[in-house]
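Residue numbers (my numbering): 9 to 292.
Structure first, then comments.
Written out as structure tokens, the structure reads:
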């Protein structure tokens with residue numbers, strides 16, 4: 009029964025009681041009652057704040073507030089369900105069903121630094137990664153993960169001199185070397201400045217560098233003096249992605265490989281990540 013019904017023949021908007029019904033009202037013992045009862049003004053207030061992807065506006069304590077909401081990404085009346093609905097790979101190497109789903113997860117887990125690396129499912133290399141215009145897929149040196157690198161970030165005029173890559177190829181400048189990945193996204197490292205040479209010689213390397221040889225007997229300038237802060241806090245050292253070198257050794261991370269170069273006095277080329285190939289010709 010609906011108590012506190014208003015007088016008959018009024019609209020829902022005009023009803024001053026607690027309940028309303030469009031059913032026939034009757035009087036019983038001084039109370040009005042009807043079937044199909046519902047509370048007056050039980051529809052939430054309209055919330056007009058645009059909270060962006062992965063959030064929705066709600067009235068909380070009589071204030072409009074944005075709250076994290078994965079449900080907003082699948083709501084049929086939500087614009088976010090119609091846009092940004094293709095899968096993507098985020099910077100934590102998790103594939104999300106949409107940009108909205110990533111933003112909702114980012115909001116709920118307080119991961120403000122999370123960003124989209126590229127469209128599509130996460131890949132192990134660049135062969136199936138489609139990067140936006142004016143970007144190129146490269147592998148991150150210390151993790152082996154593909155990412156889309158903006159070409160404009162490399163300025164050839166800043167260092168226009170030719171350089172030698174660790175693949176034994178002379179490039180017209182360092183940008184030409186950095187922007188020449190193979191199919192997997194691997195790029196050569198800088199062996200030394202200038203055209204490629206066959207032997208270590210005085211002044212080939214910078215004063216802070218050491219000239220060593222690669223497995224292919226090519227001279228490579230490596231750095232062996234690192235500050236304790238670099239070893240403790242740099243991205244190369246903080247990411248514990250195991251790295252396999254062409255010396256047949258599986259290193260704890262890329263930074264450990266850098267130290268291995270100095271200990272063994274030779275350049276160590278990265279063969280793979282997480283594991284060494286089973287058929288690799290291990291060097292003793």
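Ideal Cβ placement from N, Cα and C applies to all residues, glycine included.
These numbers were taken from a predicted model, which means no experiment stands behind them.
Grab the span of the alpha helix (DSSP H) containing residue 146 for me, first residue to last. Premise fails: residue 146 lies in the beta strand (DSSP E), 143-147, not in any alpha helix (DSSP H).
I think residue 159 touches residue 143, with their Cβ atoms under 8 angstroms apart; what is that distance to the nearest whole Å? About 7 angstroms; that satisfies the 8 angstroms criterion.
Range covered by the beta strand (DSSP E) that runs through residue 63: 63-68
Segment contact flag, the region 184-191 with the region 134-149, C-beta cutoff 8 angstroms, min 3 pairs: yes
Nearest-angstrom Cα separation, counted from residue 70 out to residue 280: 57 angstroms
Residue span of the alpha helix (DSSP H) that contains residue 182, given as start and end: Boundaries of the alpha helix (DSSP H) around residue 182: 182-186.
Excluding sequence positions up to five away, which residues of its chain have a Cβ less than 7 angstroms from the Cβ of residue 286? none
Mind checking residue 151: buried by the 16 CB within 10 Å criterion, or exposed? buried
At the level of alpha carbons, what is the spacing between residue 217 and residue 230? 5 angstroms
In chain order, what residues of the same chain lie with their CB nearer than 7 angstroms to the CB of residue 284, ignoring the 5 residues before and after it? When the five nearest sequence neighbours on each side are left out, the beta carbons in the same chain lying within less than 7 angstroms of the beta carbon of residue 284 are those of 252, 256 and 258, in order along the chain.
Given a cut-off of 8 angstroms on the beta-carbon distance, is the pair residue 269 and residue 262 in contact? no
Going by beta carbon distance, what residues of the same chain come within less than 6 angstroms of residue 172, once the five residues before and after it are set aside? Same-chain partners within the cutoff: 178, 199, 200 and 204.
Keeping to the same chain, check which residues put their C-beta closer than 7 angstroms to that of residue 105; ignore five residues upstream and five downstream. 95
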